[in-house]
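Asker: Before anything else, here's the structure in question.
Residue numbers (UniProt numbering): 1 to 134.
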């Protein structure tokens, strides 16, 4: 009998391998170590996707008052990219506008009506931006 061990984060996975049958105790990711000399490791190939440039982004800037107690927020939608880049862009916009906000779920919220200022900032950074909704 052979054992395969996988350590994924804080979870540990143990697979027992019989002759032609695998019994999986739990499934949390790939194999890290195996006592089976004939075991073949599945290596993930790195992503070959090219990152999206600022000019390829198609952002929409709107003013939103829904479910916010009548307070206005500037909402930037349409961002495509990693969550880290979204957070960095949101932080830069909040700093330049001098207000608070949030960056999550592919959207950036800036507290207050800063549509025109946000559009100018994003255009200077090279983004394609459209004002939407009035």
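The beta carbon of each residue, even a glycine, is placed where N, CA and C say it ideally should be.
Just to confirm my understanding: we take residue 124, look at its own chain, exclude 5 residues before and 5 after, and list those with CB closer than 6 Å. What are they?
Answerer: Hits under 6 Å: none found.
Asker: Look at residue 86 and residue 106 and say whether their C-beta atoms are less than 8 Å apart.
Answerer: yes
Asker: Mind checking whether residue 55 and residue 133 have CB atoms under 8 Å apart?
Answerer: no
Asker: Just list the alpha helix (DSSP H) runs in the UniProt domain "SUI1" (66 to 126), keeping only unbroken ones of 4 residues or longer that don't cross its boundaries, in chain order.
Answerer: Complete alpha helix (DSSP H) runs here, min 4: 83 to 97, 115 to 124.
Asker: Report all residues from its chain with a CB closer than 7 Å to the CB of residue 117; omit the five preceding and five following residues, and keep chain order.
Answerer: 97
Asker: Starting from residue 64, trace the beta strand (DSSP E) in both directions and tell me its first and last residue.
Answerer: 58 to 64
Asker: Give me the Cβ distance between residue 74 and residue 110, rounded to the nearest whole Å; I'm assuming they're in contact under 8 Å.
Answerer: That pair is a contact at about 4 Å.
Asker: Taking residue 64 as the reference, give the member of 99, 36, 115, 103 with the closest Cα.
Answerer: Residue 115 is the option with its Cα nearest to residue 64.
Asker: Just the C-alpha distance for residue 78 and residue 68, rounded to the nearest angstrom, thanks.
Answerer: 21 Å
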